[in-house]
Amino acid sequence: MKTMETRTPERPPPPRRLASGLDPRRRGAGSWAFVLSRITGLGLVVYLYVHLGVLSLLARGPESWDSFIDVVRSKPFLALDVVVIAGWLVHALNGIRVTLANFSFGARVQKAMFSVAMVVAAVLLVIMSVLIFEGS
Amino acid sequence: MIETRERASRHSWTWFVQAFTGVMLLILLSLHMIAQHFIVEGGLREYADIVDYLRNPVILVLEGLFLVTVAIHALLGVRAVIFDFGLSERSERRVSLSLLWLGIATVAYGAWIIWLVAV
Numbered sequence: 036m037k038t039m040e041t042r043t044p045e046r047p048p049p050p051r052r053l054a055s056g057l058d059p060r061r062r063g064a065g066s067w068a069f070v071l072s073r074i075t076g077l078g079l080v081v082y083l084y085v086h087l088g089v090l091s092l093l094a095r096g097p098e099s100w101d102s103f104i105d106v107v108r109s110k111p112f113l114a115l116d117v118v119v120i121a122g123w124l125v126h127a128l129n130g131i132r133v134t135l136a137n138f139s140f141g142a143r144v145q146k147a148m149f150s151v152a153m154v155v156a157a158v159l160l161v162i163m164s165v166l167i168f169e170g171s
Numbered sequence: 042m043i044e045t046r047e048r049a050s051r052h053s054w055t056w057f058v059q060a061f062t063g064v065m066l067l068i069l070l071s072l073h074m075i076a077q078h079f080i081v082e083g084g085l086r087e088y089a090d091i092v093d094y095l096r097n098p099v100i101l102v103l104e105g106l107f108l109v110t111v112a113i114h115a116l117l118g119v120r121a122v123i124f125d126f127g128l129s130e131r132s133e134r135r136v137s138l139s140l141l142w143l144g145i146a147t148v149a150y151g152a153w154i155i156w157l158v159a160v
């Protein structure tokens with residue numbers, strides 16, 4: 036109904052709420068790729084420093100290290116390894132896509148490349164997870 | 042915001058370094074994982090195996106290079122995330138300097154551990 040329309044075209048749009056930026060329906064593949072890259076990147080930085088911190092046990096001698104290794108061979112720790120590998124695969128494969136696009140390789144098919152990268156990441160994650168749990 | 046030419050050039054230079062270290066990491070991380078999990082049967086887990094592994098000069102160089110490369114790549118990534126919040130040039134310089142020192146400390150700490158175990 037025309038009577039419902041009260042806003043004039045000149046009036047600026049209302050400010051977007053913060054929550055609207057978190058609405059997944061507003062994000063395209065490129066935006067998801069960017070967000071995933073940032074989240075996995077920051078997660079991997081945290082892992083790097085945790086890993087370096089854990090390696091300090093090597094400086095305390097064989098007893099400290101070997102008893103720690105017995106703990107990390109448990110299934111919950113192996114599941115954390117799978118999470119780290121998932122983050123690494125997503126970050127690395129997406130990084131390859133971004134680097135290729137910046138050098139003008141496949142810039143026009145970026146969305147398809149992102150989908151392929153995520154499928155490859157999923158397949159590699161399944162293979163690596165099987166190897167991790169079979170080898171434990 | 043209009044970027045100064047110097048600022049734009051700095052951003053493109055750091056982007057190139059991050060892409061280069063990213064490609065290097067694909068190679069170095071693959072070598073790191075192969076060496077850690079496939080050279081010794083059942084993976085490199087026991088303390089004595091790790092000492093033997095790090096006493097190999099080729100491995101020592103590869104692990105050292107891996108440490109430097111991963112520190113550069115990680116901290117340039119953190120820098121890019123922080124810069125996305127839209128800082129002033131002065132704040133950007135402070136962040137860059139802080140991350141540079143953190144990178145130096147990270148590499149020094151990692152080198153110290155390698156040194157303690159290998160030597």
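If you're matching them up, the sequences are chains H and W in order. For what it's worth, this note's numbering labels the leading residue of the first sequence as 36, then goes sequentially. For what it's worth, this note's numbering labels the leading residue of the second sequence as 42, then goes sequentially. Just so it is clear, CB atoms sit at the ideal spot from N, CA and C, and this is done for glycine as well.
Please identify the residue among W:R134, W:V122 and W:V148 whose C-alpha is closest to the C-alpha of R73 of chain H. Within the first sequence, the letter at position 38 stands for residue 73 of chain H. Looking at the Cα atoms, W:V122 is the closest of the given residues.
Tell me whether V89 of chain H is buried or exposed, calling it buried when 16 or more other Cβ atoms sit within 10 Å of its Cβ. Indexing the first sequence from 1 puts residue 89 of chain H at position 54. The residue in question, V89 of chain H, is exposed, as its Cβ has fewer than 16 Cβ neighbours within 10 Å.
Assuming V80 of chain H contacts G118 of chain W (C-beta within less than 8 Å), just tell me the rounded distance between them. For the purposes of this step, residue 80 of chain H is identified with residue 45 of the first sequence, where counting begins at 1. For the purposes of this step, residue 118 of chain W is identified with residue 77 of the second sequence, where counting begins at 1. Yes, V80 of chain H and G118 of chain W are in contact; Cβ-Cβ is about 7 Å, under 8 Å.
Say whether chain H places a C-beta atom closer than 8 Å to the C-beta of A149 of chain W. Along the second sequence, read from residue 1 onward, the residue named residue 149 of chain W stands at position 108. Closer than 8 Å: no.
Residues that W100 of chain H contacts on chain W, provided the C-beta gap is smaller than 7 Å: Your numbering for residue 100 of chain H matches position 65 in the first sequence. Going along chain W in sequence order, the residues near W100 of chain H (Cβ under 7 Å) are Y88.
Once the 5 residues before and after A95 of chain W are set aside, which same chain residues still bring their CB inside 8 Å of it? Indexing the second sequence from 1 puts residue 95 of chain W at position 54. A quick correction: the sequence has Leu, not Ala, at residue 95 of chain W. Answer for L95 of chain W: L101, E104, I155, V158 and A159, listed in chain order.
Per-residue DSSP class, three states only, for D90 of chain W: Indexing the second sequence from 1 puts residue 90 of chain W at position 49. DSSP places D90 of chain W in helix when its eight states are reduced to three.
Where does the unbroken alpha helix (DSSP H) through Q77 of chain W begin, and where does it stop? Walking along the second sequence from the start, residue 77 of chain W turns up at place 36. Where Q77 of chain W is concerned, there is no enclosing alpha helix (DSSP H), given that its DSSP letter is neither H nor E.
Mind pulling the alpha helix (DSSP H) runs of 4 or more residues that sit fully within the stretch 86 to 142 of chain W? 88 to 95 and 98 to 124
Do the stretch 65 to 74 of chain W and the stretch 147 to 161 of chain H meet, that is, are 3 or more Cβ pairs less than 8 Å apart? no
Which chain W residues are close to S91 of chain H, counting only those with a beta carbon under 7 Å from its beta carbon? In the first sequence, the residue the question calls residue 91 of chain H occupies position 56. Ordered by position in chain W, the residues that pass the 7 Å Cβ test against S91 of chain H are I154.
Check whether chain W comes within 8 Å of V70 of chain H, counting only Cβ atoms and requiring the distance to be less than that. Along the first sequence, read from residue 1 onward, the residue named residue 70 of chain H stands at position 35. Not one chain W Cβ lies under 8 Å of V70 of chain H.
So P111 of chain H contacts chain W; which residues on that side make the cut at Cβ distance below 8 Å? Within the first sequence, numbered from 1, the residue matching residue 111 of chain H stands at position 76. Per Cβ cutoff of 8 Å: no residues; P111 of chain H is ~17 Å from chain W at best.
Report back the beta-carbon spacing between V58 of chain W and I113 of chain W to the nearest angstrom; my notes put them in contact at under 8 Å. For the purposes of this step, residue 58 of chain W is identified with residue 17 of the second sequence, where counting begins at 1. For the purposes of this step, residue 113 of chain W is identified with residue 72 of the second sequence, where counting begins at 1. Contact flag correct, Cβ pair sits at about 7 Å.
Spatial distance of F168 of chain H from V106 of chain H (CA atoms): Position 133 of the first sequence, counting from 1, holds the residue named residue 168 of chain H. Position 71 of the first sequence, counting from 1, holds the residue named residue 106 of chain H. Distance between the alpha carbons of F168 of chain H and V106 of chain H is about 15 Å.
Going by DSSP, what residue range makes up the alpha helix (DSSP H) through G63 of chain H? To locate residue 63 of chain H, count along the first sequence from 1; it is residue 28. Counting along the chain, G63 of chain H falls outside any alpha helix (DSSP H), and DSSP gives it neither H nor E.
By the 10 Å Cβ neighbour count, where 16 or more other Cβ atoms means buried, how is I162 of chain H classified, buried or exposed? As a first step, residue 162 of chain H is located in the first sequence; it is residue number 127 there, counting from the start. With fewer than 16 Cβ atoms within 10 Å of its Cβ, I162 of chain H is classed as exposed.
On the three-state DSSP scale, how would you describe S102 of chain H? Within the first sequence, numbered from 1, the residue matching residue 102 of chain H stands at position 67. S102 of chain H: helix per DSSP, three-state reduction.
Could you tell me the distance, in whole angstroms, from the CA atom of L108 of chain W to the CA atom of V148 of chain W? Indexing the second sequence from 1 puts residue 108 of chain W at position 67. Indexing the second sequence from 1 puts residue 148 of chain W at position 107. Each residue's Cα considered, the two are about 6 Å apart.
Inter-residue Cα distance where the pair is Y84 of chain H and L143 of chain W: Here the question's residue 84 of chain H lines up with position 49 in the first sequence. Here the question's residue 143 of chain W lines up with position 102 in the second sequence. Each residue's alpha carbon lies about 11 Å from the other.
On the three-state DSSP scale, how would you describe S139 of chain H? Position 104 of the first sequence holds residue 139 of chain H. Correct three-state label for S139 of chain H: coil.
Just to confirm my understanding: we take L92 of chain H, look at its own chain, exclude 5 residues before and 5 after, and list those with CB closer than 7 Å. What are they? Residue numbering aside, residue 92 of chain H sits at position 57 when the first sequence is read from its first letter. Result list for L92 of chain H: S99, W100 and F103, in chain order.
Helix, strand or coil, according to DSSP, for M42 of chain W in the structure here? Here residue 42 of chain W refers to the residue found at position 1 when the second sequence is read from its first residue. Confidence at M42 of chain W is low in this model, with a pLDDT of 49, below 50, so its placement is unreliable and no value can be given for it.
Measuring straight from C-alpha to C-alpha, what distance separates R62 of chain H and V117 of chain H? Position 27 of the first sequence, counted from the first residue, corresponds to residue 62 of chain H. Position 82 of the first sequence, counted from the first residue, corresponds to residue 117 of chain H. For R62 of chain H and V117 of chain H, the distance between alpha carbons rounds to 27 Å.
Compute the distance between the beta-carbons of L25 of chain H and V125 of chain H, then report whether it is under 8 Å. Here chain H has residues from 36 to 171 only, and residue 25 of chain H is not among them.
Hey, quick one: how far does the alpha helix (DSSP H) through S109 of chain H stretch, first residue to last? The residue you call residue 109 of chain H lines up with position 74 of the first sequence. Here S109 of chain H belongs to no alpha helix (DSSP H), and DSSP marks it neither H nor E.
Candidates W:L138, W:S132 and W:A60, of which the one nearest V133 of chain H by Cα: Here residue 133 of chain H corresponds to residue number 98 of the first sequence, with the count starting at 1. Taking only the C-alpha atoms, the option nearest V133 of chain H is W:A60.
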